């Protein structure tokens with residue numbers, strides 16, 4: 013079967029070297045495992061009566077988000093047919109490459125599909141334990157539009173940010189900032205969980221083991237996320253992949269160290285959620301510049317990202333913005349910082365230099381423009397989507413369903429005797 017199919021496509025029609033395609037596909041499969049990581053981490057943050065619900069949300073992110081990306085997402089992000097403009101692409105709807113550039117087109121598709129579903133999964137954590145499941149499925153389908161337009165600005169040949177020299181190597185803004193802003197709007201529109209701010213102590217982790225194991229899976233997946241963004245290993249690409257690997261690790265290490273110190277200073281103990289969020293914030297922060305900075309700079313970028321995320325968690329709690337998993341702080345705040353850090357720290361022969369390496373304020377200004385553009389786009393589209401969905405279906409569960417738990421109310425799964433739900 014393989015030999016028969018291989019004769020249908022000439023080597024010069026692949027559009028990509030075989031070793032590059034292997035690298036991209038392998039990275040894509042690694043990134044796909046991040047859905048497992050997000051699912052475990054989020055299920056560890058919620059009460060037991062909502063564990064299955066949050067895991068199934070991660071499944072529908074792939075199912076609905078994936079079909080949406082195939083139907084229109086790739087076309088709007090990378091389309092180059094007549095009608096393409098600096099805001100969105102045109103061409104490639106219901107994607108089928110035929111026999112032209114098969115390798116390049118399909119490798120790009122599966123890689124970016126992993127990114128698109130990750131962006132939506134970030135949002136699910138902030139909506140945990142109170143979002144109506146049917147409404148969330150609709151949101152998961154249409155939220156692909158938010159990602160693919162913004163990602164086209166950053167990585168598409170037509171994108172206005174790309175043409176201005178904007179740099180986001182692996183998605184601090186296009187994936188994480190976008191997901192964090194969508195999460196913030198979603199949390200605000202849903203409101204806090206019942207009795208979340210009634211004077212009681214914050215809810216403890218429902219399943220700490222899932223939370224820790226999920227973070228380890230995410231850590232692994234992040235290496236594919238960042239290193240795979242070289243989009244190959246031929247030529248000099250492997251050099252950037254190697255640098256992305258060490259800076260990604262260093263960013264997470266310093267972020268974790270900040271989490272340890274922060275936890276000891278403010279909680280007087282080694283609190284798992286603070287340490288893990290520090291690691292994840294360090295990863296988010298280094299994602300935009302991982303191929304263009306030195307290892308010591310990655311340590312600084314990751315540490316600042318963790319500081320901002322830890323501070324944001326406390327600020328959001330003070331403002332009574334209920335985010336069960338810390339998605340807004342980890343992805344939003346650290347993603348914004350990571351995007352800005354490009355204009356300060358990077359040094360490349362062809363993409364410009366950051367301020368500390370003798371660069372001008374132009375790059376930093378472009379990075380700021382990207383932050384503002386993606387933030388506004390994400391906030392407005394998320395608000396409109398949830399508002400319109402709410403006209404058809406309430407976006408929040410009814411109080412009695414929330415008390416029973418989504419596992420029982422939405423999926424018919426009973427963990428305890430009925431009187432335990434009081």
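Residue numbers (this note's numbering): 13 to 434. Using N, Cα and C, we set each Cβ at its ideal position, and we do this for glycine too. Predicted model, so just to flag it, every value in this text is computed and none were measured.
Query raised in the report: With a CB to CB cut of under 8 Å and the five nearest residues on each side skipped, what residues in its chain are close to residue 315?
Result: Taking the chain shown and counting its residues from 1, one reaches residue 315 at position 303. So the qualifying residues of the chain are 266, 267, 269, 270, 294.
**Report entry** For residue 257, the first and last residue of its enclosing alpha helix (DSSP H)
**Finding:** What you label residue 257 is simply residue 245 of the chain shown in a count that begins at 1. From DSSP, the alpha helix (DSSP H) with residue 257 extends over 249 to 279.
Query - residue 209: first and last residue of the uninterrupted alpha helix (DSSP H) it sits in - result: Stepping through the chain shown from its first residue, residue 209 is reached at position 197. That residue, residue 209, is in no alpha helix (DSSP H); it is neither H nor E in DSSP.
Report task. Between the Cα of residue 185 and those of 167, 215, 324, spot the shortest distance and give me the residue it belongs to. Result -> Start at 1 with the first residue of the chain shown, and residue 185 comes out as number 173. Of the listed residues, the one whose Cα sits closest to residue 185 is 167.
Query - C-alpha gap between residue 38 and residue 211, whole angstroms - result: Counting from 1 along the chain shown, the entry for residue 38 is found at position 26. Counting from 1 along the chain shown, the entry for residue 211 is found at position 199. Each residue's alpha carbon lies about 48 Å from the other.
Query - Contact check, residue 311 vs residue 238, beta carbons under 9 Å - result: Against the chain shown, residue 311 aligns to sequence position 299. Against the chain shown, residue 238 aligns to sequence position 226. Between residue 311 and residue 238, the gap from beta carbon to beta carbon reaches 9 Å or more.
Report task. Check each candidate in 336, 128, 224 and name the one with the smallest Cα separation from residue 199. Result -> Working through the chain shown from its first residue, we reach residue 199 at position 187. The residue with the shortest Cα to Cα distance from residue 199 is 336.
Query raised in the report: Which partner residues does residue 365 have in the DSSP bridge list?
Result: For the purposes of this step, residue 365 is taken as residue 353 along the chain shown, with counting starting at 1. Answer by DSSP bridge pairing, in chain order: 359.
Query raised in the report: Since residue 143 sits in a beta bridge, which residues does DSSP pair it with?
Result: Along the chain shown, one-based indexing puts residue 143 at 131. Paired residues: 408.
Query raised in the report: Beta carbon of residue 28, beta carbon of residue 116: below 9 Å?
Result: Position 16 of the chain shown, counting from 1, holds the residue named residue 28. Position 104 of the chain shown, counting from 1, holds the residue named residue 116. Result yes, Cβ atoms of residue 28 and residue 116 sit closer than 9 Å.
Requested in this report: Determine the closest residue to residue 411 out of 134, 202, 97, 149, with distance taken between C-alpha atoms.
Outcome: Mapped onto the chain shown, residue 411 falls at position 399. When each option's Cα is compared against that of residue 411, the closest is 202.
Requested in this report: Check each candidate in 76, 380, 170, 140 and name the one with the smallest Cα separation from residue 125.
Outcome: Residue 125 sits at position 113 when you count from the first residue of the chain shown. It is 76 whose Cα lies nearest to the Cα of residue 125.
Requested in this report: Apply the 10 Å Cβ neighbour rule to residue 112 and answer buried if 16 or more other Cβ atoms are within range, or exposed otherwise.
Outcome: Against the chain shown, residue 112 aligns to sequence position 100. Result: exposed.
**Report entry** Uninterrupted alpha helix (DSSP H) stretches inside the region 108 to 165 (no shorter than 4 residues)
**Finding:** 114 to 138
Query raised in the report: Could you give the C-beta distance for residue 190 and residue 159, rounded to a whole number, given that I count them as a contact under 8 Å?
Result: Reading the chain shown from its first residue, position 178 is the one you call residue 190. Reading the chain shown from its first residue, position 147 is the one you call residue 159. Rounded, the Cβ-Cβ distance is 6 Å, consistent with contact.
Report task. May I have the straight-line CA-CA distance separating residue 196 from residue 151, to the nearest angstrom? Result -> Position 184 of the chain shown, counting from 1, holds the residue named residue 196. Position 139 of the chain shown, counting from 1, holds the residue named residue 151. Roughly 15 Å between the two C-alpha positions.
Query raised in the report: Between residue 32 and the rest of its own chain, which residues show a CB-CB distance below 6 Å, the 5 nearest in sequence each way excluded?
Result: On the chain shown, position 20 is the one that residue 32 refers to. Only 244, 246 meet the Cβ criterion.
Report task. Return helix, strand or coil for residue 215, following the three-state DSSP convention. Result -> Taking the chain shown and counting its residues from 1, the one referred to as residue 215 is at position 203. DSSP places residue 215 outside both helix and strand once states are collapsed to three, so it counts as coil.
Query raised in the report: According to the neighbour-count rule (16 or more other Cβ atoms, all chains shown, within 10 Å of its Cβ), is residue 179 buried or exposed?
Result: Along the chain shown, read from residue 1 onward, the residue named residue 179 stands at position 167. Buried, since its Cβ has 16 or more Cβ neighbours within 10 Å.
Query - Simplified DSSP state of residue 337, which is helix, strand or coil - result: To locate residue 337, count along the chain shown from 1; it is residue 325. Residue state, collapsed to three classes: coil.
**Report entry** Best match in 224, 110, 170, 66 for proximity to residue 149 [C-alpha to C-alpha]
**Finding:** Reading the chain shown from its first residue, position 137 is the one you call residue 149. That would be 66, whose Cα lies nearest to the Cα of residue 149.
Report task. Excluding the 5 residues preceding and the 5 following residue 249 in the sequence, name in chain order all residues of the same chain whose CB lies nearer than 6 Å to its CB. Result -> Stepping through the chain shown from its first residue, residue 249 is reached at position 237. 242.
Query raised in the report: Does the pairing of the region 225 to 236 with the region 45 to 56 give three or more beta-carbon distances under 8 Å?
Result: Look at the beta carbons and you see the region 225 to 236 touching the region 45 to 56: at least three pairs across the two are nearer than 8 Å.
Query raised in the report: Where residue 227 and residue 339 are concerned, what is the direct C-alpha to C-alpha distance, given to the nearest angstrom?
Result: As a position in the chain shown, residue 227 is number 215, starting the count at 1. As a position in the chain shown, residue 339 is number 327, starting the count at 1. The alpha-carbon of residue 227 is positioned some 13 Å away from that of residue 339.
Query raised in the report: Going by the CB atoms, is the gap between residue 192 and residue 364 shorter than 9 Å?
Result: Counted from its first residue, the chain shown places residue 364 at position 352. Counted from its first residue, the chain shown places residue 192 at position 180. Going by C-beta atoms, residue 364 is not nearer than 9 Å to residue 192.
Query raised in the report: Which whole-angstrom value is the C-beta distance of residue 73 and residue 409, which I expect to be below 8 Å?
Result: The residue given as residue 73 occupies position 61 in the chain shown. The residue given as residue 409 occupies position 397 in the chain shown. That pair is no contact at about 18 Å.
**Report entry** Same chain, Cβ closer than 6 Å to residue 303, five either side skipped, listed in chain order
**Finding:** Along the chain shown, one-based indexing puts residue 303 at 291. Here the set comprises 181, 252, 255, 256.
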